[in-house]
Structures are given as structure tokens and as C-alpha cells.
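One line per chain: the protein sequences are A, B and C, in this order.
Counting from 4, one number per residue, gives the positions in the first sequence under the numbering used here.
Counting from -4, one number per residue, gives the positions in the second sequence under the numbering used here.
Counting from 77, one number per residue, gives the positions in the third sequence under the numbering used here.
Just so it is clear, CB atoms sit at the ideal spot from N, CA and C, and this is done for glycine as well.
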Amino acid sequence: MSVDPMAYEAQFFGFTPQTCLLRIYIAFQDHLFEVMQAVEQVILKKLEGIPDSEISPVQIRKCTEKFLCFMKGRFDNLFGKMEQLLLQSVLCIPPNILLPEDKCQETHPFSEEKFQLLKKEIEELKGKYKVELCTEQALLAELEEQKTVKAKLKETLTFFDELENIGRDHGTSNFRESLVSLVQNCRKLQNIRDNVEKQSKRL
Amino acid sequence: DRTISRVKLLDTIVDTFLQKLVAPRSFERFTNCYQHFQELAPGVTRSVYDKFVAQLQTSIREEISEIKEEGNLEAVLNSLDKIVEEGKAHGEPAWRPSGIPEKDLCSAMAPYFLQQRDTLCRRVRKQEAKNQELADAVLAGRRQVEELQQQVQALQQTWQALHREQKELLSVLRAP
Amino acid sequence: FDELIVDVATKRRQYPRRILESVIKTLKAQHE
């Protein structure tokens, strides 16, 4: 016969209903024995008070045992019924009832596979987050680098501007043009000089 | 009848047990067992029996009270009544421990892991958006650097051309 | 057998809460 351990009830009560009932059975049985013993003592005492009674203590003991046997039989039979009743209707948790600490099993039941998937998803998200953080570092580093490069390039441009300005400060608005005109003028001067030299030789 | 509280049911069942234990005809049994004594002192027998019944019932009832006291049984049973009352709408059999703790724990832990996943999702999305902005800024920065480089290059070439012409000028000037 | 049942049942009642406490602590620490 398979024993129902009533583990769910034990989870609620902190003891198994069967143990509780065993405790009650033993206690009740002890009381029955004690009271029977007291009855026997009282009867013996009464007998002492009755002159020349022929009933011996042994006989009384036999009567007690006989009555106890009857009571014990009835006691066990009734206790069996009481035990069934108590197990079925007092110390039991109906099959459709969930204990508060297990509410989560009902509100969002989660299978082990699903839970593993969830944990895997979390690990992936962690990885992704780390990648994003590294990306942010790399982007910030490049922005920093760009800042330096731009500063450098702007410095160079400023340098060229200053060159322009120097030219402008000395009357040449545009270096290149002035150089070109300078070269042309030089060439003209050279031609003139050549012509002069030729003329003088001729003379 | 489910409207009776468990405590009341327990008391009723114990009372019924006690009544039936000393139900009628057990006095006959008693007198039958103590027959000689009954013949000798019928009145005493009756009173001894009545005391037996009273004492037995009292001590059993005291025992029950003690057990209730000891295990705080009334409060526990009342709280069970409440739990059953709250759950009675639930028709089909409820969940029970599977015997595999790892398996049963999943549902208990799931809400916290779901929360962690949602938090991580939000943070990843936030970081991605932030990185997108940074990436845009980096691309814009690259374009600016390129433009500046082109400007510098153009100016550099102009000045180099200038330099070449300067050399030419010198060569012209030096020419014999 | 009875003690075993009570022992297992008690663990079923108490351990999820205790495990959750440390899981929550762990998740918080990871979060930080």
C-alpha cells in the first residue's frame, strides 16, 4: 500500500498529519489506561470498605482487563474513523489549493528549459552591453583624436593665414600674383637690359 | 460542509469520538465486566462509571487543548481556512513540488531574472542610441578632418607652387 | 521516514526564499 507522505501538508503545518494523529492517539490511549487504572483503584478502595466481600483484587484486575479490552477495541475502531475524517477534512490541503509560498508556480510557471533560455538571453545581453560599452570607448577615443587632429590642422591653416597676412601687411594682397608680376617685371627688365647691352655694343 | 471552520470541525469530530466512545451499552458492558462488584454495590458502580466517563472525556479534551496550544493549531487551521477560501475558485488540481528542486525553483526565480533581462535590454538600447549619436559625431568629425586636410593640402600646394616660382625668379635674377 | 518528510517539506518552504535572497543580492551586485 503506497503511503501518502502528505509532504505538502507537512510543508504547511511543519509536521506530518499522520505524526500529529499518532501523537493524539498515544495521548488518548494513555488517558484511557490512566482512567481505567483510577477506576480500578477506586473499586478496590470501595471493596476495602465493604466487610467480608469475596471479590479479590485479582478478580477486579481481570474485570478491568476485560472492560479495557472492550474499550480499547471500540477506541481503536472509532479512532480509525476519526483519523480518516481529520486527515481528509482538517489536516489536509485540498488538491486545488496552492500554498502562498508557491504562488509563483501559478502566476508565472517557468519550465527549466524556458529558464535556461532566459539565462542564456541574459548572458547574450551582457555580452552585447559590454560590446556597446567598448564601442563607446572607441568612439570617444576617436572623437578625442579628431579633436587633436582638427586643432593641428586649424593651427596649420592659421599659419597659412598669417603668411597671407604678412604679405598683405607689406602691400602685397596676393603673394602669388605679386610674385608672378615680379617675375614678369624681372623678365622685362632683363629684356630691357639685353636690349641696352645690344645697343651699346652696336654703338 | 465547507463553511465549517477546521477548528470547529476538529472539535466536533473529537466530541463525536468521545460520545461514541462511551456510547450507551458501554455501561452495560461495564457492569457486565464488573458483575460481582455491580451486584455488591450497584449505586457505587454507576457513580464510578459516570466518573470514569467524565474523567476520560475531560482528560482527552484537555489533551486536545494542549495539542492546540502547543502547535498553535487554531491559528494555523484558521490560516489554512483562509488560504483554502482564497483559492477555492481555482478549479483544476494545483501545482505540487515535483521533487526536483532545480526545476521547482525556476518559477520562483524567474521574475527576478525577467526583471534583470528587461533592465539589461533597456541599458543596451540606451547605450546603442548613445553610440549611434557618437558614431554620427565621429562621421561628422571625419568629414571635417577631411575638409581641413583638403584645405591644408590646397594651401600647401599653392605655397609649393609659389616656392617653385620663387626659385624660378631667383634663377631669372641670377641669370648672367 | 517522518523526519525525512518534515525535513524536505521544511526545506521546500524555507529554501526558495533564502535562495531568492541571495539571487537578488547577486543580481544587484552584478547590476552595480
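**OP:** Could you give the DSSP three-state label for ARG24(B): helix, strand or coil?
**Re:** helix
Subject >> chain B contact for ARG94(C) (CB, 8 Å cutoff) >> reply: no
**OP:** Find the residues of chain A that neighbour GLY38(B), judging by a C-beta separation of less than 7 Å, and give them in chain order.
**Re:** Those do not exist, as GLY38(B) stays about 10 Å from chain A at its closest Cβ, beyond 7 Å.
**OP:** Would you kindly check if the distance between the Cβ of PHE15(A) and the Cβ of ILE96(A) is under 8 Å?
**Re:** yes
**OP:** Tell me whether PRO92(B) sits in a helix, a strand or coil according to DSSP, three-state version.
**Re:** coil
Original post:
Is the shortest distance between the beta-carbon of PRO96(B) and the beta-carbons of chain A less than 8 Å?
Top reply: no
Original post:
Starting from VAL43(B) and walking both ways along the alpha helix (DSSP H), at which residues does that stretch end?
Top reply: Its alpha helix (DSSP H) spans residues 37 to 65.
**OP:** Give every residue of the same chain whose Cβ lies closer than 8 Å to the Cβ of LEU160(A), excluding the five residues on either side of it in the sequence, and list them in chain order.
**Re:** none
Original post:
For THR105(C), which residues in chain A fall below 9 Å Cβ to Cβ?
Top reply: With the sequence shown as reference, residue 105(C) is identified as Ala, and Thr is not the correct amino acid for it. Those within 9 Å of ALA105(C) in chain A number zero; the least Cβ separation is about 14 Å.
**OP:** Grab the span of the alpha helix (DSSP H) containing VAL6(A) for me, first residue to last.
**Re:** Segment: none, VAL6(A) is in no alpha helix (DSSP H) and carries neither H nor E.
Original post:
Taking ALA59(B) as the reference, which of GLN152(B), VAL140(B), GLN127(B), THR7(B) has the closest Cα?
Top reply: The question names Ala, yet the displayed sequence has Ile at residue 59(B). Comparing Cα-Cα distances from ILE59(B) to each of GLN152(B), VAL140(B), GLN127(B), THR7(B), the minimum goes to THR7(B).
Subject >> N- and C-terminal bounds of the alpha helix (DSSP H) containing ASN168(A) >> reply: 115 to 172
Original post:
How close, in whole Å, do the beta carbons of ILE78(B) and LEU102(A) come, if the pair is a contact with beta carbons under 8 Å?
Top reply: 7 Å
**OP:** Run down chain B in chain order and give the residues with a C-beta less than 9 Å from the C-beta of GLU1(A).
**Re:** It is not possible to answer for residue 1(A), since the shown part of chain A is limited to 4 through 206.
Subject >> Validate contact between the region 45 to 57 of chain A and the region 26 to 45 of chain B using beta carbons, cut 8 Å, 3 pairs >> reply: yes
Original post:
What's the C-alpha gap between LEU71(A) and GLY86(B)?
Top reply: 48 Å
Original post:
Is the beta carbon of LEU157(B) less than 8 Å from the beta carbon of PHE163(A)?
Top reply: no
**OP:** Just the chain C side, please: which residues come within less than 8 Å of GLN111(B) by C-beta, in chain order?
**Re:** LEU103, GLN106, HIS107
Subject >> Near the ligand FAD: ASP83(C) beta-carbon under 7 Å from a heavy atom >> reply: This structure lacks the ligand FAD, and indeed carries no ligand of any kind.
Subject >> Start and end residues, alpha helix (DSSP H) containing ASP10(B) >> reply: 1 to 16
**OP:** Count the other CB atoms, across all protein chains shown, that sit within 10 Å of the CB of LYS67(A); report buried if there are 16 or more and exposed otherwise.
**Re:** First, the amino acid is wrong: residue 67(A) is Thr here, not Lys. So THR67(A) ends up on the buried side.
Subject >> Closest by C-alpha distance to ILE100(C), when choosing among ARG138(B), PHE108(B), LYS125(B) >> reply: Ranking the options by Cα distance to ILE100(C), first place goes to PHE108(B).
Original post:
Do LEU103(C) and GLN122(B) have their C-beta atoms within less than 8 Å of each other?
Top reply: no
Original post:
Excluding sequence positions up to five away, which residues of its chain have a Cβ less than 8 Å from the Cβ of ALA89(B)?
Top reply: For ALA89(B), the CB contacts under 8 Å within the same chain, skipping 5 residues up- and downstream, are GLY82 in chain order.
Subject >> Short Cβ contact (8 Å threshold) for GLU147(A) with VAL133(B) >> reply: no
Subject >> Neighbour-count burial assignment, ASP7(A), 16 or more Cβ in a 10 Å radius >> reply: exposed
**OP:** State yes or no: is the beta carbon of GLU135(A) nearer than 8 Å to at least one beta carbon in chain B?
**Re:** yes
Original post:
What residues of chain B sit near ILE100(C), judged by a beta carbon separation below 8 Å?
Top reply: Ordered by position in chain B, the residues that pass the 8 Å Cβ test against ILE100(C) are TYR107.
**OP:** Could you check if CYS28(B) is buried or exposed, using at least 16 other CB atoms within 10 Å of its CB as the buried criterion?
**Re:** buried
Subject >> Spatial distance of GLN155(B) from GLN139(B) (CA atoms) >> reply: Cα to Cα, GLN155(B) sits roughly 24 Å from GLN139(B).
Original post:
Using the C-alpha atoms, what's the distance from LEU75(B) back to GLN101(B)?
Top reply: According to the sequence displayed, residue 101(B) carries Cys and not Gln. Taking the straight line from one Cα to the other gives about 26 Å.
Original post:
What residue does the alpha helix (DSSP H) around LEU101(A) start on, and which one ends it?
Top reply: Counting along the chain, LEU101(A) falls outside any alpha helix (DSSP H), and DSSP gives it neither H nor E.
Original post:
Just checking my contact of LEU115(B) with LEU128(A) at CB under 8 Å: how many whole Å lie between their CB atoms?
Top reply: 4 Å
**OP:** Using a Cβ-Cβ cut-off of 8 Å, state whether PHE22(B) counts as contacting chain A.
**Re:** no
Subject >> Buried/exposed call for CYS107(A), threshold 16 Cβ in 10 Å >> reply: buried
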